[in-house]
Every structure is written in C-alpha cells, then in structure tokens.
Amino acid sequence: MSSKVLDGPMFLELLRGGVFYLSANCQEVNDLNVFPIPDGDTGENMMRTINGGLSYAEKCEDDSLSSVAQAAAKGMILNARGNSGVILSQLAAGLADGFEDCDEADPEKIAFALRSGVERAYGAVMNPTEGTMLTVARESSEYVNKRIGDDSTVDSVIEDCLQEMDRSLQRTPDLLDVLKEAGVIDSGGAGLVYIVQGAYSVLRGETLSSHIGATEVKQVDITKFNSDSIMRFGYCTEFLLQLQNSKIYIGDFSVDKFKEELSGFGNSIVCFQMDTIVKVHIHTMNPGDVLNHCQKYGEFLTMKIENMTLQHNSSYHESDVEEEKSDPSEYASVIVATGYGVCEVMRSLGADVIIEGGQGNNPSAETFLDAFRAANAKTVFVFPNNSNIIMTAKQAADLCEDCDVRVIESRDIGQCYAAMTMTNYDLTDADAVEENFKEAMEGVKTATVTRSIRDANINDINISKGDFIGFSGKNMLSSEKNICDTTASLLHKIHADENDILILIYGNTVEDATRKSIVAQTRFVYPFAEIFEIDGGNIDADIIIIAE
Amino acid sequence: MGMVKILTDSCGDLGKETREIYDIDYCRMNTQYDGKETPASLDWEYYTPKSLYDIMRDGNRVFTTMVPTEEFVNVFGKYAGEGYDIIYIGCSLKQSGSVNVAKTVAKDVMKIYPDVKIHCIDSKHASTGEGMIAIRAAEYRDQGLDADTIAMKVEEDLKYCHEFCTVHTLDCLKRAGRVKASSAFFGNLLGVKPIIIADAEGDQTAIKKVKGRKAALDEIVDLLAEAVIDSEDQTLFISHADCLDEAEYVKKQMEEKIPCKEIRIEYMGPIIGSSIGPSGMAVFGWGKEITFRSGDKYEQ
C-alpha cells in the first residue's frame with residue numbers, strides 16, 4: 001500500500017510494528033554496551049517504555065490520529081525507564097504535539113511532527129549529547145523535511161526516515177569517543193532504528209514474524225580458537241521454535257514456564273512467543289542440551305550458534321593491531337612476568353606489554369627493544385621485576401632511540417604490583433609519573449614459598465632436601481615439612497599483621513585443598529587484612545605472598 | 549506568608565530521625581530486581597539492607613528507577629492541596645532525571661493550585677550531601693524565609709557542600725554508569741580504594757587511589773578536614789552502606805580531627821546502595837567552593 005495520509009488506526013499499526021520489532025531485537029540493543037559485560041539494559045528500557053505507549057494507544061476510544069498519538073505518548077511518558085526511555089517518550093510526546101487536532105496527517109504534517117518530536121526531546125535533556133539517539137532522531141527528521149515534496153507518501157517519508165536513521169546511527173561512534181573506544185554504535189539510536197524498521201515493515205505489508213529470524217553469523221577469524229584454547233564464554237544460541245500440535249497441546253504452553261526451564265541451561269535468556277512461534281536467545285556451554293530440550297515442544301525454523309570465546313579472541317586481536325597503527329600514546333608500561341595468572345593480573349592493572357620471563361628465563365635486550373616498540377608510547381616505563389634483569393632492561397633503554405625509556409628498578413612482582421596499582425598518568429610530566437611509581441613501591445613486602453632442592457643451613461635454619469622453605473629477597477625466614485606451616489611461619493616473620501592487604505599467588509603445583517586450608521588459616525590469624533587469592537599458573541614457586 | 553514544605557528523594561539518605569528533626573519528607577524512587585519493583589524506602593520498610601547487599605554480593609545487579617511521575621503527582625499534590633509551597637531538593641541530574649520529571653509535574657500542579665509555588669532544585673549531589681542541602685533549606689524555612697528566597701539561597705549554597713566517598717571497587721558504580729574516572733580506577737585493583745567526590749558539575753568523580761580500606765577511611769576524613777570552613781558551627785554527616793562499625797571508626801577520627809557541633813551517621817538508602825555496592829562510606833560538610841570538574845587534574 002502507498003498511502004497519502006496517516007490516520008489513527010494506521011498509527012496504531014505502525015506503533016505495534018515498532019514494539020514488535022524492537023522486542024525481537026531487544027537483546028541486541030542490550031548488548032550494545034560500552035561496558036564489556038552482558039548487562040546492558042537500553043533495549044529492555046526502551047521496550048518497556050514503548051510497550052506502555054502501545055497499551056495506552058490500544059485503549060484509546062477515539063480513533064483520530066491526534067488522540068491515538070497522544071495516548072501513546074502519555075503511556076510512554078508514564079512508563080519511561082532509563083534515559084533512553086525518557087528521550088523516547090519525549091520524542092513521542094513531541095510527535096503527538098505535532099499531530100495536535102489532526103484526524104489524519106499528510107506527509108508534510110508527518111515531517112512537521114517529526115521535527116516537533118526532536119525539538120521536545122532536545123528540550124527535555126539538560127545537556128544534549130551528540131552521537132546518541134537524539135542525533136539519530138534529529139538528523140533523520142532533518143532529512144525527511146528536506147526531501148518532502150508533492151509526490152511524497154507516508155511510505156516514502158518513513159522510508160527516508162529509516163534510511164537516514166541507519167546512516168546516522170553508523171556515524172554515532174565518530175561523535176562520541178566512548179562508543180568508538182568500545183567499538184559499538186549507540187544503543188538508544190539502534191533501538192530507535194528497530195522501532196522505525198518495524199513501522200516500515202508494517203507499511204510494506206510484511207508479516208512481522210518474518211523479521212525475527214536468526215541474525216547473520218558474524219565474520220570471525222577461526223584461527224583464534226585452536227586445539228589448546230579454553231572454552232570460556234560458551235555459545236550464543238538463537239533460534240525460532242515452531243510449536244507443534246503433534247508434540248504438545250499448544251494452548252497449554254506457558255512461555256514463562258518454558259523460560260524457567262531454560263534457565264537451567266545457561267544465562268542471558270530472552271524468550272518470547274508470537275502465536276505458535278517462540279524466539280529463544282540463550283548463552284550456554286552446551287547448546288546441544290538446549291536444542292534437545294526444546295525439540296520436545298516443536299521443530300526449529302531457523303538457528304544460529306556462535307562460539308563466543310572465538311568472537312572474544314578475534315576482537316581482542318583486532319584491537320591490538322589497531323593500537324599498533326595508531327599514534328603513540330603519552331605513556332605505556334612494559335612488564336616482565338612469569339605465570340599465566342600473574343600476566344593476566346598485570347594486564348588488568350594496566351600493563352601494556354608483557355614479556356614472559358623471570359628467574360632462569362631472562363629476556364634479552366632485543367626482546368626489550370621489541371617490547372618498547374610494541375608499547376608505542378612517548379615514554380615507556382619498564383618493570384624488570386628481578387634483580388637479574390634490571391641491567392638488561394637498562395641496556396635496552398640506552399639502545400632505544402624511538403622513545404624515552406625509564407627503568408623502574410623493581411626487584412620482584414610485589415613491587416610491580418604496588419607500583420602498577422597506583423598508576424597515575426594524569427600527573428604533570430614523566431618525572432612525576434616515575435616518582436609516583438617509585439614511591440608506591442616503597443614498603444611492600446614480597447615473600448616466596450618453594451621446595452628446597454638440597455640440604456642446607458642458612459640463617460641458622462636447618463633445611464633438608466624436599467622441605468618447604470620461605471624467604472624474602474635474599475633472607476631465608478622459615479622451613480617446615482609442609483607448605484601450610486611454612487606459609488604461616490613466613491607470614492609471621494614478615495610481620496604480616498602490620499599490613500592491610502595480603503595477596504596469595506599460587507603456583508600450579510599447589511592443590512585446591514591446600515589453597516583452601518592456607519587461606520582459611522591466614523584469614524583466622526589476620527582477620528583485619530583484605531586477602532586476595534590469585535591463580536598464578538607456572539610461577540617458578542609454590543606461593544608468592546605480597547603484603548602491603 | 550505561606551508554609552513551606554521541604555522535600556528530597558530516595559537518594560537523599562536522611563534517616564527517619566533526621567527527617568523528623570528538620571521536618572523533611574521525601575519522594576520515593578524504586579528498586580527493580582527479578583522483575584519486581586519496590587519503593588526505595590529510606591527506612592527499609594520492604595527489605596533489609598542485608599538482603600539487598602547479599603543480592604549484590606552474589607554478583608547480581610539491582611536496578612533503580614528515577615522518581616516516577618505518579619509519585620511526584622501524589623506528593624506535590626498532597627502538600628500543595630494542604631496549602632504548602634514546595635522546595636524539592638533532588639538528586640544530581642547527572643545521576644538521575646528525577647528533577648526534570650519533577651519540573652514537568654510541578655507545572656501541572658501549579659496550574660491546579662495557582663497560589664502554590666514549587667521549586668525543583670538540582671542539588672548536584674547524591675546521598676547525604678543532597679540531604680544536607682535539604683537540611684539547609686529547612687533551616688532557612690525555620691528562619692521564616694519564603695520559598696523563593698530559600699530556593700535562591702540554596703542554589704548558591706550547594707556549591708559549598710563537600711562529599712568524600714570511598715568504595716571497595718568502582719565496578720558497581722561503573723556498571724550503573726554513575727561515576728566518572730579514568731581507566732586506571734577500574735579492573736582488578738587488588739586492595740586499592742578509589743576516593744570519589746561530587747564535582748562542580750554534579751558528577752561523581754574518582755579523584756585518587758589509596759591503598760587499603762583503613763587508609764581510605766582515614767583519607768576521606770583528612771580530605772574533609774582540609775575542605776571544611778567554620779566546622780565549629782556545623783553538623784557533619786557520615787553515610788554508609790551497611791558498615792556501621794567502620795562508620796563509628798570514621799566518626800571517631802572526625803571527632804579528633806574536625807571540631808564541630810555534632811556528627812550524625814546515616815544509612816545509605818536502597819538507591820545509593822544499589823549504585824555504590826556494599827561498604828560504601830562517605831563524609832559530608834560545608835566548606836570552600838567546589839571548582840573541580842571531572843577531567844581536571846586533582847591537586848593535592
């Protein structure tokens with residue numbers, strides 16, 4: 001159909017399409033989250049807002065455009081959730097203002113109402129930010145108003161609006177740095193596009209369920225998951241399930257109960273029903289179990305299963321490459337560390353480049369030089385974390401001509417922890433940053449528990465081969481037959497009672513039961529300390545203790 | 549001259565006793581968990597602090613809503629109907645849109661009661677900092693000032709209200725989108741505690757890191773001691789998220805370091821608690837004008 005006027009009943013249909021389409025894509029909008037964890041709620045907020053508008057509009061007894069639009073706006077304003085919901089409701093309210101006293105609207109009037117919606121939404125926000133759904137709404141409204149002419153129809157207006165919205169949405173990261181950094185487009189803007197897409201598909205007479213098919217599988221580099229990779233994030237599993245009379249009595253099917261059953265298989269579950277079709281989205285470690293379960297109710301129409309660990313690894317790599325190409329940053333850090341878990345922690349503390357190395361595995365100056373280059377900064381701070389490696393680091397620093405390299409003479413991982421946790425790149429200059437690192441290092445204690453490989457007598461401590469020993473720096477402090485006693489005695493010797501923070505880094509030689517009893521005894525003896533446990537991996541020791 | 553009602557909201561973190569002393573009421577926001585919406589009572593009428601924080605300790609997120617339109621309609625309508633002028637001191641617009649909603653409702657209510665004046669003020673603060681500004685308004689009211697004058701004076705005064713807050717991690721605040729800070733404040737901080745202030749724009753901004761909880765508690769007291777002016781004439785406030793013992797410790801430190809009339813301890817209510825997570829601790833007082841904005845370099 002190609003209509004010249006928009007009336008109340010048609011507006012309601014378009015709104016219904018918008019709600020439907022947004023709900024089908026709700027999770028995707030949620031996932032457009034600047035914070036890289038699955039807890040975004042923009043889609044949910046917008047959905048609940050517009051759904052409130054729909055239920056008011058459906059109850060509206062007068063079918064003039066003005067009344068239906070007003071009812072929808074009122075419902076949205078009352079049900080607005082979150083900033084995106086509030087802005088959406090204001091857009092709707094402004095749209096309704098624009099249709100005031102209209103039984104129906106011609107394309108010119110629709111364009112006017114769109115502009116009115118944008119004005120109201122901008123007015124409602126104290127400091128409008130560009131690169132958000134406000135921009136998407138504004139630019140599309142401007143485009144529609146520019147294109148309006150004698151041969152415009154309702155369809156052409158909505159089509160223009162949708163096309164420009166889509167373009168505008170893709171531009172949002174250029175306007176808003178947080179989006180660019182996170183590699184996402186604006187979630188509120190995306191929600192808006194889905195709503196208009198829904199309206200447009202109604203205009204084109206499409207059946208709505210054809211739109212809720214599985215989304216395209218993203219392109220990923222499959223070499224990023226190999227025979228040694230660990231499955232950490234499970235599978236994003238999405239499908240349309242056609243309920244089957246041959247399997248169940250469909251009238252008794254409860255989507256809430258169904259959803260509850262699915263919760264045993266994974267999380268991030270989104271699930272809703274349209275007639276006899278159920279859309280399911282779930283993150284699960286075992287997609288097969290989910291499919292087997294669901295097949296008891298019907299058969300699958302479409303399906304998509306993605307390895308989220310692979311997606312994660314791929315995007316991880318891409319951002320690394322991008323960083324190398326970019327302009328050098330002001331500051332960066334290069335850290336020498338041993339053990340998978342320790343490296344992870346250092347990365348999370350802000351280490352830019354990590355050189356695998358340590359006792360018995362000292363990196364070369366060339367390795368350092370490569371690391372300095374990879375760090376790609378004007379000033380690079382290096383943490384050797386071993387007295388045997390400091391010299392090499394300094395030499396490499398002398399050789400390096402690309403940047404200003406400063407060696408922070410950290411002798412162990414504890415000093416590195418103490419400095420890195422207090423990183424402050426906002427200080428006035430590189431000297432101040434360096435000074436801040438050095439100050440932060442002072443006073444931290446690092447001690448190590450490991451097994452003696454021979455008989456010895458050091459510091460009046462008798463040690464037999466195979467005993468556990470505890471030492472700090474070059475100071476032998478304790479030796480006992482078992483690891484728990486050695487750790488307890490070592491903590492006592494380093495006066496751990498003076499410290500607020502105790503970090504226990506376990507090597508992969510230490511079994512879970514031992515870890516549990518060590519942390520329990522430490523909690524008991526030092527009730528006021530905050531205790532952190534780190535699974536260090538292959539750290540060339542049984543336990544490293546950091547006390548601060 | 550008309551009577552004036554002072555209102556704050558669920559973010560104001562003033563306990564029942566304090567609200568009674570200063571005759572202040574508040575508008576309820578809501579918490580959302582597991583699909584259920586519950587009014588955010590500053591007196592914990594619907595659930596205990598522990599049950600809220602246990603949900604968060606288990607790694608789940610409790611969502612919060614701004615003050616619903618309906619709540620403003622009811623509360624404003626009630627007091628306007630009784631002939632009160634109304635001053636609503638709301639949570640910083642950087643944290644909640646409630647003040648904007650309130651302004652819209654106020655317009656409608658004033659149409660029904662043309663003689664009533666309603667002022668909706670963005671306190672640019674949250675928690676008991678917002679509450680303390682409401683108390684300031686109540687004190688003006690008790691001096692006999694009219695609503696317009698109170699609103700004007702409070703708008704000026706709120707620039708001088710200081711908050712220093714510490715939390716175990718910024719993760720809750722970051723997830724809720726309620727804090728500004730550089731990346732150095734996030735991730736695995738291993739015992740490092742961020743210090744947060746309410747800046748000149750009303751943003752909650754992380755300004756520095758301190759090692760260890762005790763050092764952080766001492767630091768917020770020291771920072772307050774530096775910031776306050778004429779502390780002898782002031783009632784200072786502490787608000788905490790379910791850690792009364794530590795709040796008592798902070799109070800003792802303040803008594804030693806800052807001469808003042810009184811120090812009151814308040815519970816962080818469900819809204820602030822849901823954003824900040826268990827063990828949030830903040831101290832408040834009046835002092836020099838706040839000029840710091842997020843992104844500035846914080847000078848010690």
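Those protein sequences? They're chains D and A, same order as listed. Position 464 of the first sequence, counting from 1, maps to 464 under our numbering, and the rest follow consecutively. For our numbering, add 548 to where a residue sits in the second sequence, where the first one is 1. Where is the CB? At the ideal position from N, CA and C, for every residue including glycine. All values derive from a computational prediction rather than experimental measurement.
Residue j beta carbon less than 8 Å from that of residue i
i: G536/D; j: V342/D; result: yes
i: K642/A; j: E749/A; result: yes
i: N538/D; j: G507/D; result: yes
i: A199/D; j: L14/D; result: yes
i: T265/D; j: N286/D; result: Reading off the sequence, residue 265/D comes out as Phe, not Thr. Cβ distance < 8 Å, so F265/D and N286/D count as in contact.
i: Y574/A; j: G560/A; result: yes
i: C639/A; j: D557/A; result: yes
i: S664/A; j: V615/A; result: The question names Ser, yet the displayed sequence has Val at residue 664/A. No, the Cβ-Cβ distance between V664/A and V615/A is not below 8 Å.
i: L718/A; j: A686/A; result: no
i: G739/A; j: D402/D; result: no
i: T237/D; j: I277/D; result: no
i: I813/A; j: D747/A; result: no
i: P328/D; j: A393/D; result: no
i: S84/D; j: N51/D; result: no
i: M420/D; j: G339/D; result: no
i: I743/A; j: K756/A; result: yes
From the options, residue whose alpha carbon lies closest to that of residue i
i: D228/D; options: L310/D, T421/D, G466/D and V407/D; result: L310/D
i: F712/A; options: T676/A, D670/A and E803/A; result: T676/A
i: K553/A; options: E568/A, G563/A and C559/A; result: E568/A
i: T448/D; options: E434/D, C484/D and D431/D; result: C484/D
i: H716/A; options: D778/A, M551/A, D751/A and A763/A; result: A763/A
i: N385/D; options: V433/D, S116/D and S333/D; result: S333/D
i: T579/A; options: I819/A, K836/A and A830/A; result: I819/A
i: V255/D; options: G266/D, F265/D and L243/D; result: L243/D
i: L477/D; options: D467/D, G466/D and I458/D; result: I458/D
i: G817/A; options: P807/A, K805/A, I811/A and A830/A; result: A830/A
i: L65/D; options: E108/D, M10/D, R115/D and C26/D; result: M10/D
i: F20/D; options: D101/D, T172/D and Y194/D; result: Y194/D
7 Å Cβ cut-off: residues of chain A touching residue i
i: T446/D; result: By Cβ distance, chain A contributes nothing, its closest Cβ being about 14 Å from T446/D, past 7 Å.
i: V595/D; result: What is shown of chain D runs 1 to 548, which leaves residue 595/D out entirely.
i: E401/D; result: By Cβ distance, chain A contributes nothing, its closest Cβ being about 29 Å from E401/D, past 7 Å.
i: Y417/D; result: L738
i: N83/D; result: G645
Integer Cβ distance of residue i from residue j, believed to fall under 8 Å
i: D412/D; j: T446/D; result: 4 Å
i: M680/A; j: F832/A; result: 5 Å
i: L490/D; j: T522/D; result: Not quite, the Cβ-Cβ distance comes to about 11 Å (not below 8 Å), so this is no contact.
i: L765/A; j: H710/A; result: Not a contact, Cβ separation roughly 16 Å.
i: G18/D; j: V154/D; result: Between V154/D and G18/D the Cβ distance is about 15 Å, and since that is not below 8 Å, they are no contact.
i: A73/D; j: A93/D; result: 4 Å
i: V353/D; j: A375/D; result: 5 Å
i: D849/A; j: V647/A; result: Since the first residue shown for chain A is 549 and the last is 848, residue 849/A is missing from the structure and cannot be characterised.
i: G8/D; j: V68/D; result: 4 Å
i: L169/D; j: G131/D; result: The pair is not a contact, with the Cβ atoms about 10 Å apart (cut-off 8 Å).
i: V184/D; j: L32/D; result: 5 Å
i: K741/A; j: V758/A; result: 5 Å
Listed by chain order, chain D residues near residue i by CB distance under 8 Å
i: F611/A; result: D41
i: K757/A; result: T421, M422 and N424
i: V740/A; result: T421 and M422
Closer than 7 Å at the beta carbon, the chain D residues around residue i
i: L737/A; result: T421
i: K762/A; result: D500
Within chain A, the residues that residue i reaches when beta carbons sit closer than 9 Å
i: V86/D; result: M614, G645, N648 and V649
Interface residues of chain A facing residue i [CB-CB closer than 8 Å]
i: A124/D; result: N648
i: E548/D; result: G739, K759 and G760
i: E530/D; result: G739, G760 and R761
Chain-ordered chain B contacts of residue i [CB-CB under 9 Å]
i: I503/D; result: Looking at the structure shown, chain B is missing, and the protein chains on hand are D and A.
Note down, one range per segment and in chain order, each alpha helix (DSSP H) of at least 4 residues found wholly within the stretch 78-119 of chain D.
82-98
Quick check for students: name the residue ranges of the alpha helix (DSSP H) that lie wholly in the stretch 470-517 of chain D, counting only runs of 4 or more.
483-493
Alpha helix (DSSP H) segments (min. 4 residues) lying fully within the stretch 346-375 of chain D
365-375
Secondary structure, alpha helix (DSSP H): runs of 4+ residues fully inside the stretch 819-843 of chain A
none
Entirely enclosed beta strand (DSSP E) segments - the stretch 649-710 of chain A, minimum 3 residues:
666-670
Curious, which full-length beta strand (DSSP E) runs of at least 3 residues does the stretch 779-803 of chain A contain?
783-788
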